[in-house]
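Below: the structure, in structure tokens.
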Amino acid sequence: MKEYIKHFQYEIKNTVNLKTNIKKYFDTYNFKLEKENENQIIFIKKWSFFSGYTLNPLNLKTKIDINIHESKSISINYQVTSDGFGFITPIAFSSFYECFLSNLKLFLSTKKSYVTKNELLIKSAKKKMLFYIGLMLIGTSVSFFLGHRLSNLSGNKLLYYFGFIIGVKITTVLINKYLIKTNTLKKQ
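When you line the sequence shown up against full-length UniProt numbering, it's residues 1 to 188, in that order.
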């Protein structure tokens, strides 16, 4: 499965309580502080079996490495991974992650509330995820039906289960290939 890996560099005008504000921002979305030192903060979200079917892209396995520079800038390495069978690629949500971090920059620079903007982003991403899950269910149902028909015609009951398993896998692969291709083309 392809990972979403992106590097961001932001100039920050207001560096008062910078680390505290960064921690507040990510704490709002239940990211765990893994490491903190003078010029670096690392946040993570751990993988779970249901990560691939979560509607909120912020709940996928994530590592956010933030480096604070003396030149009033921060660099962010944002990495999202979805592992396993039946998962939607995080690349499908690349614009979501970019907006999420742009809202961080806005918050750090102006201290304006980010909650409403991020709630709208999350709501939109959840609708997108529901659409992809719906496509997976349709593809799986079609292959399940074909497996059932082949099972009845051949008398081999294994084709019934085989159709279901292959349907989930093929549908997921096709959706992810499409999402990777379209999101990669948008960036060029």
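The C-beta atom is built at its ideal place from N, Cα and C for all residues, glycine as well.
### Task
Report all residues from its chain with a CB closer than 7 Å to the CB of Y78; omit the five preceding and five following residues, and keep chain order.
Stepping through the sequence shown from its first residue, residue 78 is reached at position 78. Cβ neighbours of Y78 beyond the five flanking positions: K6, F8, I64, Y97 and L101.
### Query
Quick one: what's K6 bridged to in DSSP?
For the purposes of this step, residue 6 is taken as the residue at position 6 of the sequence shown. According to DSSP, which records beta bridges pairwise, K6 is partnered with Y78.
### Backbone CA spacing between T182 and T116 [nearest angstrom]
Here residue 182 refers to the residue found at position 182 when the sequence shown is read from its first residue. Here residue 116 refers to the residue found at position 116 when the sequence shown is read from its first residue. In a straight line, the C-alpha of T182 is about 28 Å away from that of T116.
### Task
Name the two residues that bound the continuous beta strand (DSSP E) containing F43.
Along the sequence shown, one-based indexing puts residue 43 at 43. Taken as a continuous stretch (DSSP letters only), the beta strand (DSSP E) holding F43 covers Q40 to K45.
### Message
Quick check: the Cα distance between V16 and L108, rounded to an integer number of angstroms?
### Response
Along the sequence shown, one-based indexing puts residue 16 at 16. Along the sequence shown, one-based indexing puts residue 108 at 108. Those two C-alpha atoms are separated by around 9 Å.
### Message
Just to confirm my understanding: we take L106, look at its own chain, exclude 5 residues before and 5 after, and list those with CB closer than 7 Å. What are they?
### Response
For this step, residue 106 is matched to residue 106 along the sequence shown. Hits under 7 Å: K112 and Y114.
### Buried versus exposed call for S94 [16 or more other C-beta atoms within 10 Å across all chains shown]
Position 94 of the sequence shown holds residue 94. Label assigned to S94: buried.
### Query
What does DSSP give as the partner residues of L146 in its beta bridges?
As a position in the sequence shown, residue 146 is number 146, starting the count at 1. Its beta-bridge partners do not exist; DSSP assigns none.
### Query
What's the call for F131, buried or exposed, on a 16-neighbour Cβ count within 10 Å?
In the sequence shown, residue 131 corresponds to position 131, counting from 1. The residue in question, F131, is exposed, as its Cβ has fewer than 16 Cβ neighbours within 10 Å.
### Task
Could you please give the first and the last residue of the uninterrupted alpha helix (DSSP H) stretch that includes residue 259?
No answer is possible for residue 259: it lies beyond the span of the chain, which begins at 1 and ends at 188.
### Task
Please say whether F31 and K46 have beta carbons closer to each other than 8 Å?
Position 46 of the sequence shown, counted from the start, is the residue given in the question as residue 46. Position 31 of the sequence shown, counted from the start, is the residue given in the question as residue 31. Contact flag unset, no.
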